[in-house]
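Read through the structure below, which is laid out as structure tokens, and then see the notes.
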Amino acid sequence: MQSKLQKTDSEVKAEIQAIMNGMPIGKLIGLEKSQRQEILQKIKKSEGVTQR
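This is the structure:
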């Protein structure tokens, strides 16, 4: 069985910034619900990302 490696906070932050095309993470809440959900789904599907 292959285990998934957990990413560091800095790796996850860099990945989220890339997904958001450089938009500050704080701006996420101000987006339309459909846009926000699309971004959140991409983040949740990312390998090695866990909720903390």
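Numbers given in the numbering used here equal positions in the sequence shown, counted from 1, plus 24. Positions of the beta carbon are idealized from the N, C-alpha and C atoms, including for glycine. Here the structure is a predicted model, which is why all the values come from computation and not from measurement.
> Any idea what DSSP makes of Glu71, helix, strand or coil?
Replying inline: In the sequence shown, residue 71 corresponds to position 47, counting from 1. In this structure, Glu71 counts as coil in the three-state DSSP scheme.
> What residue from Met44, Thr32, Ser34 and Glu35 has the CA that sits closest to Gln61's CA?
Replying inline: Here residue 61 refers to the residue found at position 37 of the sequence shown. Here the closest residue by C-alpha is Met44.
> When the Cα atoms are used, what is the spatial distance from Glu35 to Gly46?
Replying inline: Taking the first residue of the sequence shown as position 1, residue 35 is located at position 11. Taking the first residue of the sequence shown as position 1, residue 46 is located at position 22. Approximately 15 Å, taken between the alpha carbons.
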